[in-house]
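Read through the structure below, which is laid out as C-alpha cells, and then see the notes.
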Amino acid sequence: MSDNATRRWPLPRMTRTAGPAAATVIVIAVLPGVLGDYYLGLGYTIGMNALLALGLILVTGFAGQFSLAQAAFYAIGAYGSALLTVKAGWPAAAALVVSALGAALVAYALGKPVFRLRGHFLAMGTLALTEIVYLLVNNLSFTGGSSGFGGIMPFSLGQVEFDDLRSQFWLVWSVVAATLWASLRIRRGREGRALRALRSHEAAAAACGIPISWTKTRVFAGSAFIGSIAGSLYAHQLLYVNPPPFDVMTSVDILAIAVLGGLRSPWGAIVGAVGFQVIRQAVDGVLPGLFGAGSVGAGEELVFGVILVLILVVRPDGIVGALSSLASRASAPRGTAPVRPAAGGRPAPAADARPGERVVLRARGLSKHFGGVRAVTDVDLTLHEREILAVIGPNGAGKSTLLNVLSGNLPPTTGRVELNGADVTGARADQVAARGLARTFQTPSLFAGLTVRENVLVGGYLSGRVGLIRSALPTIGAVREERRLAARADEILAELDLSHLAEHEAGHLSLGQQKMVEVARALALNPAVLLLDEPGAGLNRAEKLALAGILRGLRARGVSLLLIEHDMEFVMSLADRVHVLNFGRTLRVGTPAEVQADEDVIAAYLGTARRDVDGDEPVEATNARS
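If you want it as C-alpha cells, here you go:
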C-alpha cells in the first residue's frame, strides 16, 4: 500500500483548485467598486460568454463531443425564466432552477439518439437542435414571436434584488466562479477522468467499465443546465427577450470563445471570453478607420476566422494550452535524469497455482463475419480458473477479432459467450468489464493527455461510485474515495515497477512502457479474467521474463488469463494450454508440448521441422511467423 500517495494526492490538487478560485473571488469583489458602467457592462458580457463556454467545455472539451447546441439551452433558460416569472408569477430563483432542469431533461432525452452521430454529423445534429428551438421561439404566439416580450423583473434572492449593473456584474461572475470551481473539480475527479478517457479512446474507455452512451448523455445534460442558467441571468438583466440572441451564430461564437481560450481546460472559457471581447473591441475600433463603417460586421467575422484558423493550426489547445506549456518549460528542472525504461515488474511468487476445474470463460460456436469476410467461424473456447490459455495463429487468423468479441467490443454474428456462468453474448464492453473481465489492446490504447497514474485511475473506474454532481463537491465521501483509488493506483504502479513514470504523460512513453501501463490499467479493474493482446510486443527479453513472472503471480492469486502472443518461446514457457486458430477456425487445442508436436500446427504456423545433420530425426520446429 502506498501511504505516500494517500498523504500527498488529494491535498495538492485541492490547493491547486482553491488558489485560483480564491483569486477569482477577490477579483469579483474588487472590480465592481472600481469600474465604470461601460466596463461593468463589458464585464457582464464577458461573464455571460464565459458561463456559456464553460458549459460547452464540459461536453466538447472534456468528453470530445462536438456540440453546437449551447444557444438552444441558452434560449430555454431565457424564455423559461421569462415565461414563469411574467406569466405564472414565479420567483426568479425558482424559475431559474426549473428552467435549468427543463433544459437538462431535454438534453437527456435527446442525448442518446444524438450521440449515435459522430464528427461533423454530430455537429450538424446539435446545430439542428439550435435551429429548431430558434424557430419555435420565433413563431410561437406565447413566446411573443419575432417581437418577443418584456415585463421581466430583475433577478432576486429573497429580499435581495439585483437591479443595477454593479450587482448584476457581481451575480454573474459569482455564478461563473462557482461553475469554474466545480468544473475544475470534475476534471480532476473520477467522472472527469472518465470523460477525458472517452474523448481519447472510446473502446478502451468502455473496456474500463465506463458506460459510453450514458456518460455522454449525462455530460450533455450538465452542459444544458449551465447554458440555461446563463439564459435566465440574461433575461433578468435585459428584462426583455426576443429570438435574435439565440440563433446559430451564438453557438458558433461560444465555440470560437472556447477554442480561443482552450477547450481542454475550464480556464479556457474565462481566457477565451476575455480574448474574444478584446479582439472585438480592437476590430470595432480599427476597421472603420481603415475601410469605413460598413466594414465592421464582415471585417469582424474575417478577423475572427483568421485568428481561429491560426490557433487551430499552431496551438489547438488554445491560449491556456500555450501558457501551460510555457509554465511547464520554465518550471522544469535542468539536468533532469532521463526516464529509465520500465523493468517490467517485481518477480512473481515462486509457487504457481494449478488451473482449477471451474470454467470462468466459455465460447460456444462463436462466429464473427464482416460482410463476406469470415474473421472467426464456429470457435469453441474454454478458460478455466487460474489458467493461462494462449491463443496463437498466423496473421489474419482472427485472434484479435476473437478477443474483441469475448470482451464485448464487437458483437458476435452467431454463438454464445459465458462469463462466470452468466450469458454475456452481445453485452456491451462496459457491461462485460463490470462482470470482472479486463483486457489490453494489440496497439497500446492509452488515454492521450492523461498521466500514467491517471490512466491507471481510469482502470479503477468501477471501484468508485462518485458521479458527476458529487465530483463537483468536496464531500467527505468523495475525498475518501479519491484517496482510496489513488492509493490502489500507486500500489499497482509499484508492483509493476512503474512508479517512476507516474506523472509522465502516458502517450510519450516507449512502446514497451505503454504495454506495461496498459497491463497496470487492466489490473486496476481487479479482474477475475484478463485478456492480453500481444502484451510482450515491444518488450526486450528481460522485460518479457519479468512480465511472465507477473502473469504467473496473477494466476497464483486466482486471475485467469487469455493471452494472444507471437513469441513462441514466451508462450510455450508460460501457457497451461494453447488454442491454435487458422483462417478463423480452431486448428488444435492442447498443452504446449502437444501443440508443438502437431503436424498440422507445424505446417500452418510453427513452421517446418528442422532435421539433424543426417536428415533423419526432427529436432525442433522453427519459431512462429510474426
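With positions in the sequence shown counted from 1, the corresponding number in the numbering used here is that position plus 24.
Heads up, the beta-carbon is just placed ideally off N, CA and C, and yes, glycines get one too.
Contact set for residue i: own chain, Cβ-Cβ below 8 Å, skip 5 residues either direction
| i | result |
| --- | --- |
| Leu125 | Phe249 |
| Tyr98 | Leu76, Gly251, Ser252, Ala254, Gly255, Tyr258, Pro269, Phe270 and Thr274 |
| Tyr158 | Ala95, Ala96, Ala99, Pro267, Phe270, Asp271 and Val272 |
Selected residue, minimal CA-CA separation from residue i, among the options
| i | options | result |
| --- | --- | --- |
| Phe193 | Leu470, Gly65 and Leu164 | Gly65 |
| Ala446 | Glu411, Leu385, Val480 and Gly420 | Leu385 |
| Glu215 | Tyr63, Gly491 and Ile335 | Gly491 |
| Gln261 | Leu336, Asp187, His393 and Arg211 | Asp187 |
| Thr69 | Arg304, Thr406 and Leu326 | Arg304 |
| Asp557 | Gly422, Ala280 and Leu549 | Gly422 |
| Tyr63 | Asp277, Gln301, Gly169 and His524 | Gln301 |
| Leu443 | Ile500, Asn479, Leu555 and Gly473 | Leu555 |
| Thr615 | Gly473, Ser597, Ile343 and Val83 | Ser597 |
| Leu407 | Leu481, Ser584 and Glu589 | Ser584 |
| Cys232 | Gly573, Leu611, Gly582 and Asn550 | Asn550 |
| Phe166 | Gly420, Ala201, Gly439 and Ala106 | Ala106 |
| Pro379 | Leu427, Ile416, Leu578 and Gly389 | Leu578 |
| Leu481 | Arg565, Thr438, Ala496 and Ile234 | Ile234 |
| Gly85 | Gly342, His603, Asp514 and Val476 | Gly342 |
Collapsed DSSP secondary structure at residue i in the structure displayed
| i | result |
| --- | --- |
| His225 | coil |
| His590 | coil |
| Val157 | helix |
| Val637 | With a pLDDT of 38 at Val637, under the threshold of 50, the predicted position of this residue should be treated as unreliable, though the coordinate-derived value follows. Looking at Val637 - three-state DSSP - the assignment turns out to be coil, as it is neither helix nor strand. |
| Phe394 | strand |
| Leu407 | strand |
| Arg370 | Since pLDDT at Arg370 reaches only 48, below the 50 mark, its modelled position is unreliable, and the value read off the structure follows with that caveat. DSSP places Arg370 in coil when its eight states are reduced to three. |
| Thr677 | What the structure shows of the chain is the stretch from 25 to 650, and residue 677 is not part of that stretch, so it cannot be assessed. |
| His603 | strand |
| Leu336 | helix |
| Val490 | coil |
| Thr449 | coil |
| Thr84 | helix |
| Ala621 | helix |
| Asp188 | coil |
| Val441 | strand |
| Asp308 | helix |
| Glu529 | strand |
Nonlocal neighbours in the same chain, by C-beta distance under 7 Å from residue i, ignoring five residues either side
| i | result |
| --- | --- |
| Thr203 | Leu75, Leu78 and Ile250 |
| Thr401 | Ser391, Gly608 and Arg609 |
| Tyr132 | Thr241 and Ala245 |
| Pro340 | none |
| Ser237 | Lys136 and Phe139 |
| Glu185 | Pro178 |
| Gly175 | Val110 |
| Gln466 | Ser424, Asp557 and Glu558 |
| Ala499 | First, the residue type needs correcting, since residue 499 is Thr and not Ala in the sequence shown. Excluding positions up to five away in sequence, the list is empty. |
| Leu169 | At residue 169 the sequence reads Gly, which differs from the Leu that was named. Same-chain partners within the cutoff: Asn162 and Asn163. |
Buried versus exposed call for residue i [16 or more other C-beta atoms within 10 Å across all chains shown]
| i | result |
| --- | --- |
| Ala617 | exposed |
| Met592 | buried |
| Ile335 | buried |
| Met540 | buried |
| Pro436 | buried |
| Lys651 | Since the first and last residues shown for the chain are 25 and 650, residue 651 lies out of range. |
| Ala570 | buried |
| Leu71 | Here residue 71 is Gly; the residue named in the question, Leu, does not match the sequence. Buried, because 16 or more other Cβ atoms sit within 10 Å of the Cβ of Gly71. |
| Phe394 | exposed |
| Arg217 | buried |
| Asn606 | buried |
| Glu478 | buried |
| Val337 | exposed |
| Gln183 | exposed |
Residues near residue i in its chain [Cβ-Cβ closer than 6 Å; skip 5 each side]
| i | result |
| --- | --- |
| Ser469 | His225 and Ala228 |
| Pro365 | Its pLDDT being 48, under 50, Pro365 is placed unreliably in this model, and the coordinates cannot settle the point. |
| Glu542 | Thr464 and Pro468 |
| Leu108 | Trp114 and Ala119 |
| Pro362 | Confidence in Pro362 is poor, its pLDDT being 47 and thus under 50, which makes the residue's placement unreliable; the coordinate value appears in the next sentence. Within the same chain, Pro362 has no close Cβ partners at all. |
| Ala472 | Ser224 and Gly531 |
| Arg545 | Asn479, Val480 and Gly483 |
| Phe189 | As written in the sequence, residue 189 is Leu, which differs from the Phe given in the question. Hits under 6 Å: Asp61 and Leu64. |
| Val295 | Gly285, Ile343 and Val344 |
Chain C within 8 Å of residue i, Cβ atoms only
| i | result |
| --- | --- |
| Arg212 | Reference to chain C is not applicable here, since this structure consists of a single protein chain. |
Between the region 186–200 and the region 55–74, are three or more C-beta pairs nearer than 8 Å?
-> Short answer: they touch.
Should the region 425–439 be called in touch with the region 450–467, which here means at least 3 C-beta pairs below 8 Å?
-> yes
Is the region 282–301 close to the region 141–157, with three or more CB pairs under 8 Å?
-> no
Could you tell me whether the region 325–332 touches the region 266–286, using the rule of 3 or more Cβ pairs below 8 Å?
-> yes
Inter-stretch contact (C-beta, 8 Å, three-pair minimum) for the region 549–563 and the region 497–510 | no
Does the region 206–214 come within contact of the region 525–536, defined as at least 3 CB pairs closer than 8 Å?
-> No: the two stretches stay apart, fewer than three of their Cβ pairs being nearer than 8 Å.
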